[in-house]
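Its first residue numbered 0, the sequence shown is counted upward by one per residue in numbering that gives the first Met the number 0.
As structure tokens, the structure follows; a few thoughts come after it.
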Amino acid sequence: MAISECASHAIVAADASGCWDGEQTLAYSLYERLEDDMLLLADRGFYSFYAWGQARRTGAQLLWRVEAGLRPYWLCDLDDGSWLAVITNPVVGLHRSQKERLREDARQGRDLDRAVVVRVVDYTVPDRKGDHIRLITSILDPANATAGHLASCHHQRWEAETGFDQLKTHLRGPGRVLRSRTPDLVRQEI
Numbered sequence: 000m001a002i003s004e005c006a007s008h009a010i011v012a013a014d015a016s017g018c019w020d021g022e023q024t025l026a027y028s029l030y031e032r033l034e035d036d037m038l039l040l041a042d043r044g045f046y047s048f049y050a051w052g053q054a055r056r057t058g059a060q061l062l063w064r065v066e067a068g069l070r071p072y073w074l075c076d077l078d079d080g081s082w083l084a085v086i087t088n089p090v091v092g093l094h095r096s097q098k099e100r101l102r103e104d105a106r107q108g109r110d111l112d113r114a115v116v117v118r119v120v121d122y123t124v125p126d127r128k129g130d131h132i133r134l135i136t137s138i139l140d141p142a143n144a145t146a147g148h149l150a151s152c153h154h155q156r157w158e159a160e161t162g163f164d165q166l167k168t169h170l171r172g173p174g175r176v177l178r179s180r181t182p183d184l185v186r187q188e189i
């Protein structure tokens, strides 16, 4: 698992583990390496309330695609077509009245401990059969980044794949396979 820059393809942080650890698990080890001048882009499957909070505590801004099943609670529409929403911690098991109180606290600008305010950007991609994309971001003010700009930035995350392709296919040489058989030796060889 790695964090790389979109423009230069430079690897900023990376971690490796055994085959039983998934990308989401490895991502937790990388969140602490974020810095407050970074914008972390992530695709579906990486969002969880806990992961978002851990990455956000670093001061980095976040722009993550979320699964269609995530239902943020609408707070208000913004001029650029995006909207502010509240996401409550699903683990806490809040009653409806407690969720309403958290939502009202968010509307009033009060500090939230079991919920987070995000900005939601929804759009479709015509050349992908109208695929609906939902992004959430920690950049709450459209003056700092419009919905269109955020959608464009999220699309650029694929630049990281180009960098990984360069590393795996071209830089290591044709047909080269990592020969190590244990996690420690693979780390050394990498």
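Yeah, the Cβ is synthetic: ideal placement off N, Cα and C, and Gly gets one too.
I believe residue 79 touches residue 141 by the beta-carbon criterion, under 8 Å. Please report the beta-carbon distance rounded to the nearest angstrom.
In the sequence shown, the residue the question calls residue 79 occupies position 80. In the sequence shown, the residue the question calls residue 141 occupies position 142. Confirmed, about 4 Å.
Using the beta-carbon count (16 or more within 10 Å), is residue 9 buried or exposed?
In the sequence shown, counting from the first residue as 1, residue 9 sits at position 10. The residue in question, residue 9, is exposed, as its Cβ has fewer than 16 Cβ neighbours within 10 Å.
Alpha carbon to alpha carbon, how far is residue 103 from residue 162?
Position 104 of the sequence shown, counted from the start, is the residue given in the question as residue 103. Position 163 of the sequence shown, counted from the start, is the residue given in the question as residue 162. About 44 Å.
Residues in the same chain with beta-carbon distance under 6 Å from residue 138, minus the five sequence neighbours each way, listed in chain order, please.
On the sequence shown, residue 138 is found 139 positions in, with the first residue counted as 1. Answer for residue 138: 60 and 144, listed in chain order.
Which residue from 133, 85 and 126 puts its Cα closest to that of residue 110?
Position 111 of the sequence shown, counted from the start, is the residue given in the question as residue 110. Of the listed residues, the one whose Cα sits closest to residue 110 is 85.
Quick one, are the C-beta atoms of residue 150 and residue 134 less than 9 Å apart?
As a working mapping, residue 150 is identified with position 151 in the sequence shown. As a working mapping, residue 134 is identified with position 135 in the sequence shown. Cβ atoms of residue 150 and residue 134: closer than 9 Å.
Anyone know if the C-beta pair for residue 48 and residue 87 falls short of 9 Å?
For the purposes of this step, residue 48 is taken as the residue at position 49 of the sequence shown. For the purposes of this step, residue 87 is taken as the residue at position 88 of the sequence shown. Yes, these two residues count as a Cβ contact at 9 Å.
In angstroms, rounded to a whole number, what distance separates the CA positions of residue 41 and residue 136?
Translated into positions along the sequence shown, residue 41 becomes position 42. Translated into positions along the sequence shown, residue 136 becomes position 137. Cα to Cα, the separation comes out at about 10 Å.
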